[in-house]
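A.B. asks: From first to last, the protein sequence lines stand for chains A, B and C.
By the working numbering, the letter at position 58 of the first sequence is numbered 58, and the numbering carries on one by one without gaps.
By the working numbering, the letter at position 62 of the second sequence is numbered 1062, and the numbering carries on one by one without gaps.
By the working numbering, the letter at position 7 of the third sequence is numbered 2007, and the numbering carries on one by one without gaps.
The beta carbon of each residue, even a glycine, is placed where N, CA and C say it ideally should be.
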Amino acid sequence: MKSFLTLGPLLFNWDIKKIREFYFKIADEAPIECVYLGEIVCSKRAPFLEPVLQELTERLKQAGKEVIYSTSVLIESDKELENSRTRVQAWANGLVEANDMAAIHFLLGKPHCIGPYINVYNEEALLYLTEQGAIRVTLPFELPQTSIAALSQAQNRANLELQVFGRQPLAISARCAHARAYGLHKHNCQLICGQDLDGMAVLTLNQQPFLVVNGLQTLSYTYCNLIRELTELQNLGVSYFRLSPHHTHMVEVAHVFRNVLDQKYEGEEGYRRLQALLPEASFSNGFYKSEAGYVNRGKG
Amino acid sequence: MHSKSTASLLYTPFFSVLTKLPLAHALLQTLINRTLLKIQRHHPGIAERLSEFHGKTLLIEFSDLPFYLLLPIEQSLKVRIIPNRSEALASEPFATVRSELYSLWQLFQGKLDGDALFFSRDLSIDGNTELIVALRNALDGVKIDWVKDVFNPPQILIPLFKKTFNFGKFVSLQLSGDLKRIQNTVLSPVHKELDKLSHSTDQLAERMTALEKQTKRGVRS
Amino acid sequence: MCVPTQSAETRKYIKLFIQSAIVMNTPSLELVCPAGTPAALKDAVDHGADAVYVGFRNETNARNFPGLNFSADELAEGITYAHAKSCKVFVAINTFARAGASHLWHQALFDAERLKVDAVILADLGLLHYCHRTYPNLRKHLSVQASASNVESIRFYQKAFNVKRMVLPRVLTVSEIANIYHKTHAELEVFAFGGLCVMAEGRCALSSYATGKSPNTSGVCSPASHVHYEKQGEKLISKLGEFTINVFESHESAGYPTLCKGRFIANGKPLYLFEEPVSLNTISILDKLKAAGVCAIKIEGRQRGRAYVAEVVRSFRAALDNPEGSLLIPATQLSTISEGQTETVGSYERGWR
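1) With three or more beta-carbon pairs closer than 8 angstroms as the criterion, would you say the stretch 2279-2299 of chain C touches the stretch 2314-2322 of chain C?
2) Taking only beta-carbon atoms, is B:G1137 less than 7 angstroms away from chain C?
3) Taking just the CA atoms, how far does B:F1062 sit from C:I2237?
4) Identify, in the order they occur along the chain, each residue of the same chain with its Cβ nearer than 8 angstroms to the Cβ of A:R297, setting aside the five sequence neighbours on each side.
5) Tell me where the alpha helix (DSSP H) around C:V2313 begins and ends.
6) Can the beta-carbon of C:L2206 be found closer than 7 angstroms to that of C:L2259?
7) Would B:L1173 pass as an interface residue toward chain C - the criterion being a Cβ-Cβ separation below 7 angstroms?
8) Alpha carbons only, please: which of A:K299, A:G215, A:A158 is nearest the one belonging to A:I40?
9) In chain B, which residues lie with their C-beta within 8 angstroms of the C-beta of C:Y2229?
10) Would DSSP call C:K2183 helix, strand or coil?
11) Determine, using beta carbons only, whether B:A1134 and B:L1058 come nearer to each other than 7 angstroms.
12) Assign C:G2194 to one of three DSSP states: helix, strand, or coil.
13) List the residues of chain C whose Cβ lies closer than 7 angstroms to the Cβ of A:N206, in chain order.
14) Below 7 angstroms between beta carbons: does that hold for C:S2153 and C:E2201?
15) Note down the Cα distance separating C:F2056 from C:N2267, rounded to an integer number of angstroms.
16) Which parts of the stretch 1078-1126 of chain B are runs of the beta strand (DSSP E), unbroken and 3 residues or longer, counting only runs that do not cross its ends?
17) From which residue to which residue does the alpha helix (DSSP H) around A:R85 run?
18) Within the same chain, show all residues whose beta-carbon is closer than 7 angstroms to that of A:H249, passing over the 5 residues directly before and after it, in chain order.
19) Relative to chain A, which residues along the stretch 2194-2208 of chain C have a C-beta separation below 7 angstroms, given in chain order?
20) Just the C-alpha distance for A:A92 and C:F2193, rounded to the nearest angstrom, thanks.
21) Drop a sphere of 10 angstroms on the beta-carbon of B:M1208, count the other beta-carbons inside from all chains shown, and report buried for 16 or more, exposed for fewer.
22) Just by C-beta distance, which residues in the stretch 1048-1081 of chain B are closer than 9 angstroms to chain C?
23) Between the stretch 1082-1107 of chain B and chain C, which residues of the former have a C-beta closer than 9 angstroms to a C-beta of the latter?
24) In whole angstroms, what separates the C-alpha of A:P169 from that of A:R228?
25) Taking only runs of the beta strand (DSSP E) that begin and end inside the stretch 2135-2176 of chain C, which ones reach a length of at least 3 residues, in chain order?
26) Whole angstroms is fine: what's the gap from A:L261's alpha carbon to C:H2106's?
27) A:G166 bridges to which residues according to DSSP?
28) Name the DSSP beta bridge partners of A:Q217, please?
29) Using the Cβ count rule (16 or more neighbours within 10 Å means buried), how would you classify A:D196?
30) Have a look at the DSSP bridge pairing and note the partners of A:T6.
31) Compare the C-beta of B:A1134 against all C-beta atoms of chain C and say whether one is closer than 7 angstroms.
32) Using only the alpha-carbon positions, how far apart do B:A1116 and B:R1136 sit?
33) At the level of alpha carbons, what is the spacing between A:A102 and C:N2150?
34) Could you name the residues of chain C that A:Y121 contacts, counting a contact when the two beta carbons are closer than 8 angstroms?
35) Could you tell me whether the stretch 199-209 of chain A touches the stretch 2287-2304 of chain C, where touching means 3 or more Cβ pairs closer than 8 angstroms?
36) List the DSSP bridge partners of C:F2070.
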């Protein structure tokens, strides 16, 4: 079975210049088959991405990459709901990834993707969604290997995708912790989250790095890194491997993952190369290993 | 208020004796264990809810009494009274809960909310929090009918038993201790009203006294 | 011209009369109360609950705490007791079935149906689908863990699984709730008192990131098995697994280290980054919730003791039965049992966000 490398939606609030440069470079240089686009974290950021969305899509498609529109994680007001509906309906470039039940409702009966923010914890949920038109399902971040194995064995026509690199989204709130930390109110937040390109670090009171906050979203401080588990995942039947965009050498990161997927070198070698590329980052694979998410376990 | 209630307890002759004599310890231990036995006979659910902790020991520390209770979690719950801390710790308790006797007693009866007690820092815990939570839930999960389930002790123990059990008097003191926490929230307007009321009551009382005196003087003269 | 004058007293009585007439003509809010144990169930029923919600003693419910919850036999007794006093019983089967182990969740549904519960509270798509096919007549409520926060999601659950009632996430404002009611006419149940989830429920893995156990996977958040308290001089440190969640000075109320209610350092300073350790209390806005179309109010706290259940149920019963007169007293009684002993109306008023 062929293994595909995908680039998840950008979670952070980068300025448009940086976003264009980033995706152009991905289009030109990254060995990635599929790119998810869309502002999924905060509806206040969406208007900034909108004007360049088509340009980015065309550029990525010209480079031979599939482009999928990814919907908001948390939809509350009718305005957000209507915006989401409009964007889904206006998307003429292929598939849409649903990250909220409302989006699933818009997409019922049409081929679509299920994002990792939809709770697919068991075979029945997976089968139900497949019956409704899901053709690719990205599994929730906290699923352990045992669940992934059980799900991939379920009689199922959908392809399974899993995030294998990047900080893991852990929670979303109606309240903006990013604005709170800067003493601002959500309604007048000045999009302060744009200051932290990989999220704002959250430390415990004894200075231990713990989480990062990205607007309404809270992520892990550690970077999920399942490069050592790629071969096992391939054998389990997972066929799409998601990298989450960060302010780092994403093209090089993609090459390392591609090489391990193609068995050019071992996962351990890939792990060492990622360490060299991101010397500041701490990696984790705890969720996969049925442990606390921050834990990082080697072989054995 | 808490210290007052504690003090008044410790001044009772019963307790001042009880807390010092080994014989009294033995007596109290027997008393507690008989009570526990009876409760468990009527409420087998307690042991069932604690089944995953069998073999572990809980240490109960009273901040206002000079002895400790060890509670090994078994199919049948029995306590051991230990006079000093080092000996209590030697049994390597899995968890420790510490508070005043009243608070623990109230908690045991499900009359006081354990979380509230903890939030106000009147109760502190050490070691395995899960065991304490489980015990709290297990005890909280039964409604102990003290008369039916427990009151049937041997004749000779009845006076002692009643004395131990007769904590009801102090409940009101306990509650007034809780009031201090309420003050800074919603009760302050009520308190102001009460202050006013009690002030005017005082004034009335003063006037009454004055009037009485005047009347008496009037009668005399 | 003679202007009719009324004394303040008369006006007050007229107002009261009109209000009670309005109240009498619309069905009262259903008071849905937590019961972690059979004794708490009895207390909730005795103190005036219209319905109690419970869970089985395993990972099928989101309060899978040590020593808590019901065996099937205990539930049967509880249902008999509640039904004799015209109180309904709802069973929360609101975690997400583990792949390869769905039988545990199916057994819970089987028992719930067999024991004739009044409704099951579900969150998992797989389980909703299974329940809809297997027990079409079993009344389904959508758990807050499903986090249905908008009109379209609610329509989906209505259409796909015939879900009758939606327990709304604790992130919506009163006007958003009114809008949802207006557009879906679903039965809406909202949280009225107790712990406040600041994160979208059922979509939070903070707890499993720190401990390996989360509400979705194990039915616990910030589990007691991973909680430790350390004394450091006068300070009390609360930890969850490896992580310090809070440090309390001697004058501060302590708190359970629920992850999202912790104090952390962000942007260089320590703060309650996500939420202060406060408790939700809507007793002052019950009329607004009712006017918004809410049909039932829910008290959080199956993990809290009987004392808590009795106190909160009594207070809310009084407030519902006598909306004018009882506002002050329940609030004062409730504040002592609140987490952190302070209260908020949370997201229901917009300023919270």
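C.D. replies: So, from the data block:
1) The stretch 2279-2299 of chain C, when compared against the stretch 2314-2322 of chain C, does touch it at the 8 angstroms Cβ threshold.
2) As a position in the second sequence, residue 1137 of chain B is number 137, starting the count at 1. Note that residue 1137 of chain B is Asn in the sequence shown here, rather than Gly. Cβ-Cβ to chain C under 7 angstroms: yes for B:N1137.
3) One-based indexing of the third sequence puts residue 2237 of chain C at position 237. One-based indexing of the second sequence puts residue 1062 of chain B at position 62. Looking at the two C-alpha atoms, the distance is approximately 21 angstroms.
4) Within the first sequence, numbered from 1, the residue matching residue 297 of chain A stands at position 297. Answer for A:R297: N285, G286, K289, E291, listed in chain order.
5) As a first step, residue 2313 of chain C must be located in the third sequence, where it is residue number 313. C:V2313: member of the alpha helix (DSSP H) spanning 2306-2321, first to last residue.
6) Here residue 2206 of chain C refers to the residue found at position 206 when the third sequence is read from its first residue. Here residue 2259 of chain C refers to the residue found at position 259 when the third sequence is read from its first residue. Yes. Within cutoff.
7) Here residue 1173 of chain B is taken as the residue at index 173 of the second sequence, counted from 1. Summary for B:L1173: the model assigns pLDDT 38, below 50, so the residue's position carries little reliability; its value from the coordinates is reported in the next sentence. Chain C places no beta carbon closer than 7 angstroms to that of B:L1173, leaving this residue out of the contacts.
8) Position 40 of the first sequence, counting from 1, holds the residue named residue 40 of chain A. For the residues A:K299, A:G215, A:A158, the minimum Cα distance to A:I40 belongs to A:G215.
9) Your numbering for residue 2229 of chain C matches position 229 in the third sequence. Result: S1124, I1125, D1126, T1129.
10) Taking the third sequence and counting its residues from 1, one reaches residue 2183 of chain C at position 183. DSSP places C:K2183 in helix when its eight states are reduced to three.
11) Taking the first residue of the second sequence as position 1, residue 1134 of chain B is located at position 134. Taking the first residue of the second sequence as position 1, residue 1058 of chain B is located at position 58. No, the Cβ-Cβ distance between B:A1134 and B:L1058 is not below 7 angstroms.
12) Here residue 2194 of chain C refers to the residue found at position 194 when the third sequence is read from its first residue. It is a strand residue.
13) Locating residue 206 of chain A in the first sequence gives position 206, where the first residue counts as 1. Here the neighbours are T2244.
14) The count along the third sequence starts at 1 and reaches residue 2153 of chain C at position 153. The count along the third sequence starts at 1 and reaches residue 2201 of chain C at position 201. Result no, Cβ atoms of C:S2153 and C:E2201 do not sit closer than 7 angstroms.
15) Reading the third sequence from its first residue, position 56 is the one you call residue 2056 of chain C. Reading the third sequence from its first residue, position 267 is the one you call residue 2267 of chain C. A direct Cα-Cα distance of roughly 43 angstroms separates C:F2056 from C:N2267.
16) The beta strand (DSSP E) runs of length 3 or more contained entirely in the stretch 1078-1126 of chain B are, from start to end of the chain, 1080-1082, 1095-1099.
17) In the first sequence, the residue the question calls residue 85 of chain A occupies position 85. Run containing A:R85: 78-90, per the alpha helix (DSSP H) assignment.
18) For this step, residue 249 of chain A is matched to residue 249 along the first sequence. Result list for A:H249: L277, in chain order.
19) Of all residues in the stretch 2194-2208 of chain C, those with a C-beta nearer than 7 angstroms to a C-beta of chain A are V2198, M2199, A2200, G2202, R2203, C2204, A2205, L2206, S2208, reading in chain order.
20) Locating residue 92 of chain A in the first sequence gives position 92, counting from the first residue. Locating residue 2193 of chain C in the third sequence gives position 193, counting from the first residue. Answer to the nearest angstrom: the Cα atoms are 46 angstroms apart.
21) Taking the second sequence and counting its residues from 1, one reaches residue 1208 of chain B at position 208. With fewer than 16 other Cβ atoms from the protein chains shown falling within 10 Å of its own Cβ, B:M1208 counts as exposed.
22) The residues in question are E1048, R1049, L1050, E1052, F1053.
23) Under the 9 angstroms Cβ criterion, the stretch 1082-1107 of chain B contributes Q1106, L1107.
24) In the first sequence, the residue the question calls residue 169 of chain A occupies position 169. In the first sequence, the residue the question calls residue 228 of chain A occupies position 228. The alpha-carbon atoms of A:P169 and A:R228 are separated by roughly 21 angstroms.
25) Complete beta strand (DSSP E) runs here, min 3: 2140-2142, 2165-2167.
26) The residue given as residue 261 of chain A occupies position 261 in the first sequence. The residue given as residue 2106 of chain C occupies position 106 in the third sequence. A:L261 and C:H2106: Cα-Cα distance of roughly 38 angstroms.
27) The residue labelled residue 166 of chain A in the question sits at position 166 within the first sequence. According to DSSP, A:G166 bridges with A:C224.
28) For this step, residue 217 of chain A is matched to residue 217 along the first sequence. BP columns for A:Q217 point to A:I172, A:N214.
29) Locating residue 196 of chain A in the first sequence gives position 196, where the first residue counts as 1. Looking at its Cβ environment, which holds 16 or more other Cβ atoms inside 10 Å, A:D196 is buried.
30) Taking the first sequence and counting its residues from 1, the one referred to as residue 6 of chain A is at position 6. For A:T6, which the question treats as bridged, DSSP gives the partners A:C34, A:R242.
31) Within the second sequence, residue 1134 of chain B is the residue found at index 134, counting from 1. The Cβ of B:A1134 sits closer than 7 angstroms to at least one Cβ of chain C.
32) In the second sequence, residue 1116 of chain B corresponds to position 116, counting from 1. In the second sequence, residue 1136 of chain B corresponds to position 136, counting from 1. B:A1116 and B:R1136 have their C-alpha atoms spaced approximately 13 angstroms apart.
33) Position 102 of the first sequence, counted from the first residue, corresponds to residue 102 of chain A. Position 150 of the third sequence, counted from the first residue, corresponds to residue 2150 of chain C. Spanning the two alpha carbons is a distance of roughly 7 angstroms.
34) By 1-based counting over the first sequence, the position of residue 121 of chain A is 121. Residues of chain C whose Cβ lies closer than 8 angstroms to the Cβ of A:Y121 are, in chain order, F2096, A2097, R2098, A2099, D2124, G2126, N2216, T2217.
35) They do not touch, by the three-pair rule.
36) Sequence index remark: in the third sequence, residue 2070 of chain C carries index 70 (1-based). Paired residues: C:F2056.
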